[in-house]
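Chains L and B are the protein sequences, given in the same order. Number 780 marks the last residue of the first sequence (our numbering); no jumps. Number 497 marks the last residue of the second sequence (our numbering); no jumps. The beta-carbon is built from N, C-alpha and C at its ideal position, and this holds for glycine as well. This one's a predicted model, so the numbers in the text were calculated from it and none came from an experiment. These notes concern the structure reproduced below.
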Amino acid sequence: SAPSDSSALIYLSQYGYISASRGNSSQLLDERSYKKAIEDFQSFAGIDVTGQLDPVTLETMTLPRCGVKDKVGTGDNRAKR
Amino acid sequence: YALQGSRWKVKDLTYKISKYPGKLKRGDVDKEIQRAFNVWSGYTDLTFTPKSGQVHIEIRFETGEHGDGDPFDGPGGTLAHAYFPVFGGDAHFDASESWSINSYRGTNLFQVAAHEFGHSLGLSHSDVRQALMAPFYRGYDPLFSLDTDDVEGIQALYGKKTKKDTPSFDDDNDDQDGEFDESPSNEKKTPAPPSVDQSLCADPKFDTIFNSAEGYTYVFKGDKYWRLTEESIAPGYPKKISETWPGLEGNIDAAFTYKNGKTYFFKGSKYWRYKGRKMDGDYPKEISEGFTGIPDNLDAALVWSGNGKIYFYKGSKFWRFDPSQRPPVKSTYPKPISNWDGVPDNLNAAFQWTNGYTYFYKGNAYYRFNDRAFAVDVTNPPFPRSTAYWWFGCKSAPAGTIGTSD
Numbered sequence: 700s701a702p703s704d705s706s707a708l709i710y711l712s713q714y715g716y717i718s719a720s721r722g723n724s725s726q727l728l729d730e731r732s733y734k735k736a737i738e739d740f741q742s743f744a745g746i747d748v749t750g751q752l753d754p755v756t757l758e759t760m761t762l763p764r765c766g767v768k769d770k771v772g773t774g775d776n777r778a779k780r
Numbered sequence: 092y093a094l095q096g097s098r099w100k101v102k103d104l105t106y107k108i109s110k111y112p113g114k115l116k117r118g119d120v121d122k123e124i125q126r127a128f129n130v131w132s133g134y135t136d137l138t139f140t141p142k143s144g145q146v147h148i149e150i151r152f153e154t155g156e157h158g159d160g161d162p163f164d165g166p167g168g169t170l171a172h173a174y175f176p177v178f179g180g181d182a183h184f185d186a187s188e189s190w191s192i193n194s195y196r197g198t199n200l201f202q203v204a205a206h207e208f209g210h211s212l213g214l215s216h217s218d219v220r221q222a223l224m225a226p227f228y229r230g231y232d233p234l235f236s237l238d239t240d241d242v243e244g245i246q247a248l249y250g251k252k253t254k255k256d257t258p259s260f261d262d263d264n265d266d267q268d269g270e271f272d273e274s275p276s277n278e279k280k281t282p283a284p285p286s287v288d289q290s291l292c293a294d295p296k297f298d299t300i301f302n303s304a305e306g307y308t309y310v311f312k313g314d315k316y317w318r319l320t321e322e323s324i325a326p327g328y329p330k331k332i333s334e335t336w337p338g339l340e341g342n343i344d345a346a347f348t349y350k351n352g353k354t355y356f357f358k359g360s361k362y363w364r365y366k367g368r369k370m371d372g373d374y375p376k377e378i379s380e381g382f383t384g385i386p387d388n389l390d391a392a393l394v395w396s397g398n399g400k401i402y403f404y405k406g407s408k409f410w411r412f413d414p415s416q417r418p419p420v421k422s423t424y425p426k427p428i429s430n431w432d433g434v435p436d437n438l439n440a441a442f443q444w445t446n447g448y449t450y451f452y453k454g455n456a457y458y459r460f461n462d463r464a465f466a467v468d469v470t471n472p473p474f475p476r477s478t479a480y481w482w483f484g485c486k487s488a489p490a491g492t493i494g495t496s497d
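And the structure:
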């Protein structure tokens with residue numbers, strides 16, 4: 700991956716767009732999930748939803764921000780009973 | 092808005108700052124943190140009291156790894172984080188940031204703290220960009236106020252405010268005409284004299300006019316002020332500006348009340364901010380500091396209903412100030428006042444009245460501006476009309492079109 704890809708992956712993981720276990724093993728993250736995570740971030744940040752790490756998306760990822768995850772309590776990481 | 096899923100069972104919450112940042116005075120940090128809590132208590136019955144020992148919300152300024160497995164990353168990037176009620180509500184701020192107070196430099200402590208306390212109370216990040224609970228820091232906003240989205244979010248958790256703040260503008264005893272008590276505390280007020288003051292009839296030119304957050308209209312002239320009624324001046328006026336707005340000087344150039352409910356007064360190179368009749372911090376400050384791009388010695392200012400932005404007027408020019416933009420004044424300003432079709436240069440005052448129209452005052456005359464047509468209204472009699480007759484109820488003044496005193 701290009702450096703921007705790996706840092707974006709960390710960012711998306713850090714802020715809840717990719718579950719933590721996936722973020723630690725980028726090679727196991729399929730392209731569709733990665734694109735979906737980027738789209739979710741773009742949508743949340745109010746920028747054009749392209750599913751690509753375009754310059755605006757990368758720049759948005761550099762903005763100072765709160766460290767709390769954007770996506771919390773979605774139940775993604777909860778085991779099914 | 093988004094709710095995390097937990098909230099406090101009690102509404103009277105306590106907090107303490109266990110670790111302070113290096114470059115700010117402790118007292119200043121205390122004030123900013125309390126102000127940040129007040130953002131939320133302004134719309135709910137929540138109270139936040141500083142206390143030592145066991146508290147609900149602990150606040151710490153930390154660097155790097157600080158014991159919770161979520162290390163800070165130095166200047167920029169992550170500024171702070173906070174825990175939802177179910178996880179204890181604590182708020183941690185990155186001590187490596189250049190925390191600032193009422194300044195465009197550095198990172199504004201008040202705004203970031205108010206955001207973090209939103210998490211401490213149970214709010215997640217909002218995808219409404221202008222909301223306080225949006226995840227990104229937007230730079231210092233001197234006119235900060237909660238977005239509707241934030242208000243709806245916090246009230247979904249804790250309900251609407253039912254108790255009034257103390258001591259505040261609203262808690263003063265009402266007098267005969269429903270206004271707040273302007274007399275010194277513990278003194279019984281004397282009834283307002285029944286006669287209407289005639290001094291504005293003799294010389295109707297004034298310094299500034301504005302609406303208070305409570306919906307009253309005030310006219311300032313020299314060191315005195317009058318409250319207007321629907322048709323004239325309220326009995327019992329004029330009164331001294333300094334007695335009602337302690338710390339405020341006379342001969343004010345311009346004033347307006349913003350959507351945050353705070354009133355801003357401008358004079359020379361300085362401005363003051365008041366919440367009701369109480370000064371809202373350490374004022375005066377420099378206009379160049381709080382309203383970058385706006386000149387000193389203003390003629391008039393108003394919040395325009397057309398777009399909610401603040402307009403400043405001086406000589407033959409005007410400036411548009413949008414606190415949500417960087418820079419708040421675009422490089423295309425100033426522009427000529429002639430863009431406001433029919434409005435003259437060298438104004439004395441301007442404001443939007445409770446009827447939704449915008450009014451401009453010059454000398455002894457005024458103009459009514461139609462915000463939809465973007466021009467001075469065509470009426471019979473046409474504008475300019477006598478301020479003394481139409482605003483101050485002076486029956487001896489002319490009712491028709493007049494020239495200005497200039």
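Check: In chain B, which residues lie less than 8 Å from Phe740/L when you measure between Cβ atoms?
Finding: Chain B residues near Phe740/L: none, gap ~10 Å exceeds 8 Å.
Notebook entry, point to check: Quick one: which chain L residues come within Cβ less than 7 Å of Ala171/B?
Noted result: Cys765, Gly766
Notebook entry, point to check: If you follow the beta strand (DSSP E) that Thr109/B is part of, which residue opens it and which one closes it?
Noted result: Checking the sequence, you will find Ser at residue 109/B rather than Thr. Taken as a continuous stretch (DSSP letters only), the beta strand (DSSP E) holding Ser109/B covers 103-110.
Notebook entry, point to check: Glu377/B: which of Met370/B, Lys369/B, Asp371/B, Asp387/B sits nearest, CA to CA?
Noted result: Asp387/B
Next item on the list: Going by DSSP, name the residue or residues bridged to Phe743/L.
Entry: In the DSSP secondary-structure assignment, Phe743/L is not bridged to any residue.
Checklist line | Residue environment, Lys114/B, which counts as buried when at least 16 other CB atoms sit within 10 Å | finding: exposed
Item checked: Residues that DSSP places opposite His172/B in a beta bridge -> His183/B
Margin query: Looking at chain L, is there any beta carbon in it that lies within less than 9 Å of the beta carbon of Gly484/B?
Written below: no
Margin query: Taking its Cβ as the centre, do 16 or more other Cβ atoms sit within 10 Å of Phe465/B, making it buried, or is it exposed?
Written below: Counting the other CB atoms within 10 Å of its CB gives Phe465/B a total below 16, which places it among the exposed residues.
Checklist line | Separation of Lys100/B from Asn446/B, as counted between CA atoms | finding: 43 Å
Checklist line | 9 Å Cβ cutoff met for Ile332/B and Asp314/B | finding: yes
Next item on the list: Might you give, ordered along the chain, the residues of its own chain that have their beta carbon closer than 6 Å to the beta carbon of Gly484/B, omitting 5 neighbours on each side?
Entry: These residues qualify, in order along the chain: Glu322, Ser323.
Notebook entry, point to check: Which chain B residues sit within Cβ distance under 7 Å of Asp769/L?
Noted result: His216, Pro226
Check: Using a Cβ-Cβ distance under 9 Å, would Phe357/B count as near chain L?
Finding: no
Checklist line | Collapsed DSSP secondary structure at Pro258/B in the structure displayed | finding: Note that Pro258/B has pLDDT 33, beneath the 50 cutoff, so the model's placement of it is unreliable and the number below is only indicative. Pro258/B: coil per DSSP, three-state reduction.
Next item on the list: Examine chain L for any beta-carbon lying closer than 9 Å to the beta-carbon of Glu207/B, and answer yes or no.
Entry: yes
Checklist line | Beta-carbon spacing of Val356/B, Pro233/B below 9 Å | finding: According to the sequence provided, residue 356/B is Phe. The question's Val does not apply to it. No.
Item checked: Thr138/B to Tyr106/B span [Cα, whole Å] -> If you draw a straight line from the Cα of Thr138/B to the Cα of Tyr106/B, it comes to about 10 Å.
Check: By how many angstroms is the C-alpha of Glu243/B removed from the C-alpha of Val219/B?
Finding: Their Cα atoms are separated by approximately 12 Å.
Notebook entry, point to check: Based on the DSSP output, what are the partners of Cys765/L in its beta bridges?
Noted result: Ala171/B
Next item on the list: Confirm, please, whether the CB-CB distance from Ser109/B to Ile150/B is below 9 Å.
Entry: yes
Item checked: Same chain, Cβ closer than 8 Å to Asp769/L, neighbours up to 5 away in sequence not counted -> Tyr714, Gly715, Tyr716, Phe740, Phe743
Check: Below 9 Å between beta carbons: does that hold for Lys296/B and Asn455/B?
Finding: yes
Notebook entry, point to check: Mind checking Arg68/B: buried by the 16 CB within 10 Å criterion, or exposed?
Noted result: No answer is possible for residue 68/B: the residues shown for chain B start at 92 and end at 497.
Margin query: Looking at the strands, I want to know which residues DSSP matches up with Ser191/B.
Written below: Asn199/B
Notebook entry, point to check: List, in order along the chain, the chain L residues whose C-beta lies closer than 9 Å to that of Arg220/B?
Noted result: Near Arg220/B (Cβ distances below 9 Å), the residues of chain L are Ala744, Gly745.
Margin query: By the three-class DSSP mapping on this structure, what secondary structure does Gly484/B have?
Written below: coil
Next item on the list: Could you check which residue in Phe201/B, Thr253/B, Ala247/B, Ser215/B has the C-alpha nearest to that of Ser236/B?
Entry: Phe201/B
Item checked: In chain order, each beta strand (DSSP E) run of at least 3 residues that lies wholly inside the stretch 308-355 of chain B -> 308-312, 315-319, 345-348
Check: Does DSSP put Lys376/B in a helix, in a strand, or in coil?
Finding: DSSP, read as helix, strand or coil, puts Lys376/B in strand.
Check: What residues in its chain sit with their C-beta under 6 Å from that of Leu389/B, if we drop five residues either side in the sequence?
Finding: Asp344, Ala345, Phe357, Phe403, Lys405
Checklist line | Where Asp704/L falls: helix, strand or coil (DSSP) | finding: Here Asp704/L sits in helix by DSSP.
Margin query: Would you call the stretch 141-156 of chain B in contact with the stretch 183-194 of chain B, where contact means no fewer than 3 C-beta pairs closer than 8 Å?
Written below: Yes: at least three Cβ pairs fall under 8 Å.
Notebook entry, point to check: Among residues of its own chain, excluding the 5 on either side of Thr257/B, which ones have a beta-carbon nearer than 6 Å to its beta-carbon?
Noted result: Confidence at Thr257/B is low in this model, with a pLDDT of 41, below 50, so the placement of that residue should be treated as unreliable; the coordinate-derived value is given next. Around Thr257/B: no qualifying Cβ.
Item checked: Range covered by the alpha helix (DSSP H) that runs through Pro754/L -> Here the alpha helix (DSSP H) through Pro754/L covers 754-759.
Check: Are the beta-carbon atoms belonging to Leu104/B and His147/B less than 9 Å from one another?
Finding: Yes. Within cutoff.
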